[in-house]
Structures are given as C-alpha cells and as structure tokens.
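Novice:
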Amino acid sequence: VIMEAKEILEAYRAGKLTDTAVLAALQEKYREETLHLGFASLDLDRAERCGFPEVVFCAGKTEGQCVEILSALMKKYDNVIGTRADAGIYDRLKNKIPHVLYDSTAAMIYQHKDNRIRNGERTIAVITAGTGDIPVAEEAALTAEIMGNRVRRIYDVGVAGLHRLLARQGEIRAANVCVVVAGMEGALVSVVGGLVDKPVIAVPTSIGYGANFHGLSALLSMLNSCAAGVSVVNIDNGFGAGRLAAMINEMR
Numbered sequence: 288v289i290m291e292a293k294e295i296l297e298a299y300r301a302g303k304l305t306d307t308a309v310l311a312a313l314q315e316k317y318r319e320e321t322l323h324l325g326f327a328s329l330d331l332d333r334a335e336r337c338g339f340p341e342v343v344f345c346a347g348k349t350e351g352q353c354v355e356i357l358s359a360l361m362k363k364y365d366n367v368i369g370t371r372a373d374a375g376i377y378d379r380l381k382n383k384i385p386h387v388l389y390d391s392t393a394a395m396i397y398q399h400k401d402n403r404i405r406n407g408e409r410t411i412a413v414i415t416a417g418t419g420d421i422p423v424a425e426e427a428a429l430t431a432e433i434m435g436n437r438v439r440r441i442y443d444v445g446v447a448g449l450h451r452l453l454a455r456q457g458e459i460r461a462a463n464v465c466v467v468v469a470g471m472e473g474a475l476v477s478v479v480g481g482l483v484d485k486p487v488i489a490v491p492t493s494i495g496y497g498a499n500f501h502g503l504s505a506l507l508s509m510l511n512s513c514a515a516g517v518s519v520v521n522i523d524n525g526f527g528a529g530r531l532a533a534m535i536n537e538m539r
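Whatever position you read off the sequence shown (first residue = 1), add 287 for my numbering.
1) Are the beta-carbon atoms belonging to L360 and V367 less than 8 Å from one another?
2) Please specify which runs of the beta strand (DSSP E), each continuous and at least 3 residues long, are wholly inside the region 336 to 377, giving them in chain order.
3) Apart from the five residues just before and just after D523, which ones in its own chain have a Cβ nearer than 7 Å to its Cβ?
4) For L310, which option in A301, H386, G302 and I295 has the closest C-alpha, if you only look at C-alpha atoms?
5) I'd like to confirm the pairing. Which residues does DSSP put opposite R439 in its beta bridges?
6) Within 10 angstroms of the Cβ of F526, are there 16 or more other Cβ atoms? Answer buried if so, exposed if not.
7) Among C465, V446, M509 and G445, which has the Cα closest to the Cα of A431?
8) Which first and last residues belong to the alpha helix (DSSP H) in which L503 is found?
9) Does DSSP put S477 in a helix, in a strand, or in coil?
10) Let me check one thing: in DSSP terms, what residues is Q398 bridge-paired to?
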C-alpha cells in the first residue's frame, strides 16, 4: 500500500520510520504518481493536486505518442482532454477507448464519461466577435463543459454590429464568468467588460488581415483595455480560457 505524503511525515515524526525508510516511501509514492512512457512522463497526481487530470497538447507529438498518452489517461480518469488534435488520432484511438469523442471544430479529442454539473446554475458565457473565432471559442466552451460547467454560447456579436451584442446583454450579464474571443482589433472585450460585474477572460485570436499580425494586434488591444476586471490569455488559447473560467466558476 502506497502511503500518502502526510502519513509518511507523521510516521517519521512519531519515530516509526527511519530516514532511509522515509526516502524509500517517498520515492515509491513518486513512482506511482508518475507514469513513464519513455517519450513522456505522465503526472497522475494532477487531478488530486489541481482539480483536473493532465491535459494533452497534441500538436508536435506523433499520432502514436498521442494515442499512447491519451489511452493511459482515459483508462484512469473519466474525463480527459487532448487539444490541437486531428482526426487521425481519433481514428486510431476509437477502437481502444469506447467512450472517446472528437470535435473537429475545436480540434479536441476527449472523454466525458462524468457529465455531472459541478456548479449548479452558474453559467459561463463564451462570446465571439465573429464566426471565424468559433474554433477557439469552442475549445474554451468544450473545456469548461467537460470540467462540469453550464456554458452559454453567444457567437458573432462583434462591435461592427453593436446591436447584436446589446440584444443579448441579458444573457451575458446573467453569466458568472464571461470568455470573450475576438480577432481583428479585439475591441469586443472592452465593450463586454463595460456591461458586466463579473470576471471577463479575453482570448485574442489570429483571425484578421495583415496588420492583425496573427493575433498580436488583438492581444495588445486586450492588454490595454480600459475596462476593469479583464484578464487576457495567449493568442488562440481557448483551452487556457476555458480552464480559468471553470476554476473561477467553482470558487465560492
């Protein structure tokens, strides 16, 4: 039986374990909490430590590596996420893991066996400026849903047609957290920030013409927002926004 770290320390303080025994116990616990695959070392303690299992960033890995990593995680946990995944990974994994799912818009491969809502009626609003921002928004929305949250999608309400946003401000104001996804000049986040009394997470996207600089223009606009209560994640980082929104929504 693997002892928990607190149990090991209490046993040492009580004189039941020697220095050598303590080191051996801690090393054994570390081995259990880390799965070494040769090319990857999986952090199997992250769910207990951080509230959700290790999420796999699939870009840059081979399909075989992704399949092996995701298989190990999906056999241990009910809910698992792989981001920036392609359909080839899903095709190779679906015969191994019966509950695996793939969302081509969000480019996410995932398992969502535990679909309980953890945060009651508290909702997360995911809002986009344009239709072109939806893939990043879906990465955020799906992440938050898999982590046990109600998500309301409010898409294509950018500042070029402000009436579209104002028509849905009741839904926006009712949310406990807002995720605002925008490319071009990124102005939508300041408008939303001026309408709500809840946290706003801004996600700049690489959608836009040349001077958008692949999202840099939107990023700088969002960082310089005059609206209070706005935080900003990296360009196209829908997952980071969804995870942060889920953590905020869970706080009491």
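Don't be surprised by glycine CBs; every beta carbon is placed ideally from N, CA and C.
Specialist: If we stick to the structure as given:
1) Start at 1 with the first residue of the sequence shown, and residue 360 comes out as number 73. Start at 1 with the first residue of the sequence shown, and residue 367 comes out as number 80. Contact: yes.
2) 366 to 370
3) Along the sequence shown, read from residue 1 onward, the residue named residue 523 stands at position 236. For D523, where only same-chain residues beyond five positions count, the Cβ hits under 7 Å are V423, T492, S493 and G502.
4) Looking up residue 310 in the sequence shown gives position 23. Nearest option by C-alpha distance: I295.
5) For the purposes of this step, residue 439 is identified with residue 152 of the sequence shown, where counting begins at 1. BP columns for R439 point to A412.
6) Walking along the sequence shown from the start, residue 526 turns up at place 239. F526 is buried by the Cβ-count criterion.
7) Position 144 of the sequence shown, counting from 1, holds the residue named residue 431. If we check each option's Cα against that of A431, C465 comes out closest.
8) As a position in the sequence shown, residue 503 is number 216, starting the count at 1. Counting along the chain, the alpha helix (DSSP H) containing L503 begins and ends at L503 to L510.
9) The residue given as residue 477 occupies position 190 in the sequence shown. DSSP places S477 in helix when its eight states are reduced to three.
10) Against the sequence shown, residue 398 aligns to sequence position 111. Answer is V367 and V387, bridged to Q398.
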